[in-house]
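Peer 1: Before I ask anything, here is the structure I am working with.
There are 4 protein chains.
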Amino acid sequence: MAKKFRGIYAALLTPFVGDEIATDQFRDNILKFNEQDLAGYVVLGSTGECVSISDEESERLVRTAREAAAKGKTIIAGTARESTRLTIDFTNRMADLGVDAALVRPPSYFKAKMTKEALKKHFLAVADRSRVPIIVYNIPQNTGLSLEAQLILELSEHPNIVGLKESSGTISFLGELIRRLPADFSYLLGHGSAFLPALLMGASGAILAVANAAPALCAKTFRLFNEGKIGEAATLQLDLVPLNKAVMESYGIAGLKYALDRQGWYGGPVRLPLLPMEEKGQAEIDALLKKLGLIG
Amino acid sequence: MAKKFRGIYAALLTPFVGDEIATDQFRDNILKFNEQDLAGYVVLGSTGECVSISDEESERLVRTAREAAAKGKTIIAGTARESTRLTIDFTNRMADLGVDAALVRPPSYFKAKMTKEALKKHFLAVADRSRVPIIVYNIPQNTGLSLEAQLILELSEHPNIVGLKESSGTISFLGELIRRLPADFSYLLGHGSAFLPALLMGASGAILAVANAAPALCAKTFRLFNEGKIGEAATLQLDLVPLNKAVMESYGIAGLKYALDRQGWYGGPVRLPLLPMEEKGQAEIDALLKKLGLIG
Amino acid sequence: MAKKFRGIYAALLTPFVGDEIATDQFRDNILKFNEQDLAGYVVLGSTGECVSISDEESERLVRTAREAAAKGKTIIAGTARESTRLTIDFTNRMADLGVDAALVRPPSYFKAKMTKEALKKHFLAVADRSRVPIIVYNIPQNTGLSLEAQLILELSEHPNIVGLKESSGTISFLGELIRRLPADFSYLLGHGSAFLPALLMGASGAILAVANAAPALCAKTFRLFNEGKIGEAATLQLDLVPLNKAVMESYGIAGLKYALDRQGWYGGPVRLPLLPMEEKGQAEIDALLKKLGLIG
Amino acid sequence: MAKKFRGIYAALLTPFVGDEIATDQFRDNILKFNEQDLAGYVVLGSTGECVSISDEESERLVRTAREAAAKGKTIIAGTARESTRLTIDFTNRMADLGVDAALVRPPSYFKAKMTKEALKKHFLAVADRSRVPIIVYNIPQNTGLSLEAQLILELSEHPNIVGLKESSGTISFLGELIRRLPADFSYLLGHGSAFLPALLMGASGAILAVANAAPALCAKTFRLFNEGKIGEAATLQLDLVPLNKAVMESYGIAGLKYALDRQGWYGGPVRLPLLPMEEKGQAEIDALLKKLGLIG
């Protein structure tokens, strides 16, 4: 039986000072997140600007996360590369650093050739040779590829493929899959505005970028859901929507980093090609944080 | 205050005998649906193959529905045309036949020109001149156009624009809008696999094609939700997903009609360019109906 | 042998006075176009705002065109509807008014169901029953559907399917098809910025919206091409690009109508939901017309 | 004045033996290509499976190409990474190996944030710091991003941005740009089925994957064009279309490699996640090569 991933995981930001990764600030953030009721952390996810940092920087981040994470906090690392071989190599480098699982989005550069068959072969080969369990990652908004339900079902039969992070947030997709997946397979929503509905329909947890800015609120929503207080949970979920939209769509990672800066954590700048947030976004995010009681 | 549309509305099929519309069979179906706990009916929706029938046929269908619908059942008619003028004309023809509201999807042929400004002007002009309330209809899978949240907000200020049917089923879109809409504005989900999550997040009801095939199940899901039995409601919602997928995606309207035929209602053929269902679909739909206890 | 459509066809605008169709102005425009070296006219094409006008208005336009067109000018009418039945009916109404051919875009509302098989059945049924030859119309920018090369090949075997109007302007698509089509099949480009390259690769002509604004220039490009003066033709084609972009993309039909007004023809307003051109577009179009020597 | 890139460049395949890059076979292929009338080579392009090979492998390929290329053959290396910083670093590593120019596609993972402003800043930063000239690379089919004409115009003002490789093959896009670019800016088409039309409209050359399989035919098409024999050139261009489609769409890089194997060059296997070509493709490619006289 695979370990089931339950609860809220923060998809951690990668802090930079100037254009250099800042492991001290990364550690400090994690130490603060440790105090929250989070199940664990994703390092090198999309929110972590994974595609913008080098392999060596990636290693330093994962080492730092492993050391800083409180006991019992799960560490998941994003390890996808565009080829099967490079993905396996990098996944095992991360496995050697002690991550609990690898989050693997599909190769997407050769889109037209990424048929179900090609993706299946890719993920199975990675799962066969990875020394840690694999969580498949569907994020069509970034990859331009939507994984089919049938592919997920077939992959879920592999003992080393233990979960799905689904970031399109399509609840009907979850509904189509949830009863047909193995009992120990983890369905983790990757959308901060729709994770309560996903939990209601059977998801075991969520991996959330917005959990960097509002970890307590995310954790509380999950707790209320678990306690059967669905109405209260729905109220919190709706409370979260405007902030989630601001930091995921309107202002993106730059906005999310700003939201951390405002709360005394370290957000700092984004790395190019992402652009810094425009001034006008600051007032909007300030207002959203105030409304949520996250700043005075 | 606008009347709030609550509960489950069936998006009615249009029955044909041969290639002619069959108002007798249409009436018989409605008489049977009247026994169910449905709030009302949509005539000339996408499920009704609205784009494939003539104005004169449309009138006959609406007349029949008006006569056959039990007292208290709301009748909503799909009335969109590609120009503002033609939409107004047709909406008022339907108004004259006694429909309670008009469901209006955006013009979409000149996609690149259907800016927020153009769509706003269109819907406001229709609302100004329509003799019945307007429900805006977002169905990007058919129109190739997604209505922006901001457009819906601006349209919701018009006293004669009273609701939204949202058929993409995107729950985060609902979350973004629901608290910012007027209290008497109706948010109606148009997706049979995600309406419970939508209700949880604040939708007032749903307009469902699958309600033709499983009206009691849809209505019961709504009732359980209203009684606060969310867990039981979620079970029913998940029960419904495979049938909904079969009749909305895999086999489409031809599959939905078959599902009616199997239950002793009248489904009959689809009109070209829709194709009849392939044989193999029949066994699949039979199995799904059996599993739901809808056939023996 | 089908008649081969060669040369430049103007996709005629539909003039309105206020919101009413203006057949006098339509006639006057055609009389002026008759003086140009154009092969004929398309009435009720996309440029003619076909989706925004009623059947009865359509008939008046076609009657007017038939009467006003000089002897030898071909009249093609856009006759597509969303169902096979409605398309056949309307096509034959237009046939009865004396059009030489019908231009038929695919049904596209039920996009997900418009498989190659469904589209083939549709077009074959229309061709079987139409009393005039059919020209298939590929315009993915408006329909959201791209016709496959293989579908065109199969349709081209039907004796009453005599041509393709291809408005995506994709030259590789033409290259894929041109040698495999029957000798008497007409490949007509529907893109004003790429018709010379299409002619070079084997197209027999073009149906152009921009020919309303610059008929002589379009006709001359074709003539130079026919005379083997490819370099001079390319110069004219490039001359035409900025105007074509302005009236097809930046400002659309409203811009095209303005370009007619400025030259002493009748453009007039567009019908809603199309919006009037913004002021700033006027100066841009003026400059483009001046540069082409079309206004003083 | 920047050097103008004229003529046909082969976008070289990366040969593997098993799953290891095969520099000997790569050298042998280049030695054979040297005999053809090609202007140069692109190493690490999409055709070279650039996203599937490591930095160290990339260096070995570029070194090999530099050594093997005949005097006067230009070497262009694909050097894009997802961040500005990583792109600059890798570009200059390649510059140090003696490449003549770098081909840089846009970052595309954070699609929604890759506004014109972000892309402009990215490309300008790369151009500022690159020690070799930059050729911007538009390949929306792989990146999911289309570069705007206006962006290209603005980038073309930078002295170190010297060209565009345009792989969508959209001739109207070329028409929109060609007269507004600096005289020494190179517009290179990246589509084997549409490069003659592009040349006719002002492109200075083409970077072609199909030139691996049919270098002489590509080169001859260019030569005929230059000699003003447009009709003969068009015949060759059309001859090339079926092979180009087979190796670019139907069978992809695996098919292209097979086409080399069949001609006595080295194609070999593709690297996962690309799949080997299915058996049935072999007969089709054999037939196409035979028809072109490339095999007996």
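Top line first, the protein sequences correspond to chains A, B, C and D. According to our numbering, the stretch in the first sequence is residues 1344 to 1639, in order. According to our numbering, the stretch in the second sequence is residues 1344 to 1639, in order. According to our numbering, the stretch in the third sequence is residues 1344 to 1639, in order. According to our numbering, the stretch in the fourth sequence is residues 1344 to 1639, in order. Here a beta-carbon is modelled for each residue, glycine too, at the ideal position from N, C-alpha and C.
In whole angstroms, give me the CA-to-CA distance for Ser1426 of chain D and Leu1356 of chain D.
Peer 2: If I take the Cα positions, the gap works out to 25 Å.
Peer 1: I'd like to know if Lys1623 of chain A contacts chain B, where contact means its C-beta is closer than 8 Å to some C-beta of that chain.
Peer 2: no
Peer 1: Name the chain B residues whose beta carbon is nearer than 8 Å to that of Arg1349 of chain A?
Peer 2: Neighbours of Arg1349 of chain A on chain B: none; closest Cβ ~18 Å, over 8 Å.
Peer 1: Within a Cβ cutoff of 7 Å, which residues of the same chain sit near Ser1395 of chain D, ignoring the five residues on either side of it in sequence?
Peer 2: Arg1614
Peer 1: Go to Tyr1530 of chain A, then tell me how far its beta strand (DSSP E) extends in each direction, as first and last residue.
Peer 2: Per DSSP, Tyr1530 of chain A belongs to the beta strand (DSSP E) from Ser1529 to Leu1532.
Peer 1: Quick one: what does DSSP say Asn1503 of chain B is sitting in, helix, strand or coil?
Peer 2: In the displayed model, Asn1503 of chain B falls within coil according to three-state DSSP, outside both helix and strand.
Peer 1: I need the boundaries of the beta strand (DSSP E) containing Ile1419 of chain A, first residue and last residue.
Peer 2: Thr1417 to Gly1421
Peer 1: Applying the 10 Å Cβ sphere with the 16-neighbour rule, what's the burial state of Glu1555 of chain C?
Peer 2: Residue 1555 of chain C is actually Asn in this sequence, not Glu. Label assigned to Asn1555 of chain C: buried.
Peer 1: Examine chain C for any beta-carbon lying closer than 8 Å to the beta-carbon of Ala1423 of chain D, and answer yes or no.
Peer 2: no
Peer 1: Would you please verify whether the beta carbon of Pro1358 of chain A is less than 8 Å from any beta carbon of chain D?
Peer 2: no
Peer 1: Would you list the residues sitting across from Glu1363 of chain B in a DSSP beta bridge?
Peer 2: Paired residues: B:Val1360.
Peer 1: Which class does Glu1509 of chain A belong to by DSSP, given the choice of helix, strand or coil?
Peer 2: strand
Peer 1: Could you tell me whether the Cβ of Ser1489 of chain C comes closer than 8 Å to any Cβ of chain D?
Peer 2: no
Peer 1: What are the uninterrupted segments assigned as beta strand (DSSP E) that are 3 or more residues long and contained completely in the segment 1474 to 1503 of chain A, given in chain order?
Peer 2: 1477 to 1481
Peer 1: Below 8 Å, how does it come out for the segment 1400 to 1415 of chain B and the segment 1445 to 1452 of chain B: are there three or more Cβ pairs, yes or no?
Peer 2: Judged by Cβ distances under 8 Å, the segment 1400 to 1415 of chain B makes no contact with the segment 1445 to 1452 of chain B, as fewer than three pairs qualify.
Peer 1: Does the segment 1547 to 1561 of chain D touch the segment 1482 to 1491 of chain C, meaning 3 or more C-beta pairs lie closer than 8 Å?
Peer 2: no
Peer 1: Give the DSSP-derived three-state secondary structure of Ile1351 of chain B in the structure shown.
Peer 2: strand
Peer 1: Using a Cβ-Cβ cut-off of 8 Å (strictly less than) and excluding sequence neighbours within five positions of Gly1598 of chain D, which residues of its own chain qualify?
Peer 2: Ala1589, Val1590, Met1620, Gly1624 and Ile1628
Peer 1: Would Leu1462 of chain C and Leu1494 of chain C qualify as a contact pair, given that the criterion is a beta-carbon distance under 8 Å?
Peer 2: yes
Peer 1: Can you tell me whether Asp1443 of chain A is buried or exposed? The criterion is at least 16 other CB atoms within 10 Å of its CB, across all chains shown.
Peer 2: buried
Peer 1: Apart from the five residues on each side of it in sequence, which residues of its chain come closer than 6 Å, Cβ to Cβ, to Ala1438 of chain B?
Peer 2: Arg1474 and Val1475
Peer 1: Beta-carbon of Phe1516 of chain C versus every beta-carbon of chain B: anything under 8 Å?
Peer 2: no
Peer 1: Using the three-state DSSP reduction, which class does Val1613 of chain A fall into: helix, strand or coil?
Peer 2: Under the three-state reduction of DSSP output, Val1613 of chain A falls in the coil class, being neither helix nor strand.
Peer 1: Run through DSSP, which three-state label would Leu1632 of chain A get?
Peer 2: helix
Peer 1: Using a Cβ-Cβ cut-off of less than 9 Å, give me the residues of the segment 1430 to 1443 of chain D that come near chain C, in sequence order.
Peer 2: So nothing in the stretch comes that close.
Peer 1: When you compare the segment 1376 to 1396 of chain D with the segment 1350 to 1364 of chain D, are there three or more beta-carbon pairs, one atom per stretch, that lie closer than 8 Å?
Peer 2: yes
Peer 1: Closer than 7 Å, Cβ to Cβ, to anything on chain A: give me those residues from the segment 1466 to 1489 of chain D, in chain order.
Peer 2: Ala1468, Gln1484, Asn1485 and Gly1487
Peer 1: With C-beta atoms as the reference, is Ser1510 of chain D less than 8 Å away from Asn1481 of chain D?
Peer 2: yes
Peer 1: Any idea if Thr1458 of chain A is buried or exposed, counting beta-carbon neighbours within 10 angstroms, 16 or more meaning buried?
Peer 2: exposed
Peer 1: What residues are listed by DSSP as bridge partners for Gly1641 of chain A?
Peer 2: Residue 1641 of chain A cannot be examined here, being either before or after the span of chain A that is shown, 1344 to 1639.
Peer 1: Compile a chain-ordered list of the residues in the segment 1531 to 1553 of chain B whose CB is closer than 7 Å to at least one CB of chain C.
Peer 2: none
Peer 1: Locate the beta strand (DSSP E) running through Gly1383 of chain A, then write down its first and last residues.
Peer 2: Gly1383 to Val1386
Peer 1: Looking at the C-beta of Ile1504 of chain D, does it have a partner C-beta in chain C at a distance below 8 Å?
Peer 2: no
Peer 1: Between Ile1364 of chain B and Arg1409 of chain B, which are expected to be in contact by the criterion C-beta below 8 Å, what is the C-beta distance as a whole number of angstroms?
Peer 2: Going by Cβ atoms, the distance from Ile1364 of chain B to Arg1409 of chain B rounds to 15 Å, so no, they are not a contact pair.
Peer 1: Should the segment 1573 to 1584 of chain A be regarded as contacting the segment 1366 to 1377 of chain A, the criterion being three or more beta carbon pairs within less than 8 Å?
Peer 2: Cβ pair count under 8 Å is below three, so no.
Peer 1: Return helix, strand or coil for Ile1638 of chain C, following the three-state DSSP convention.
Peer 2: coil
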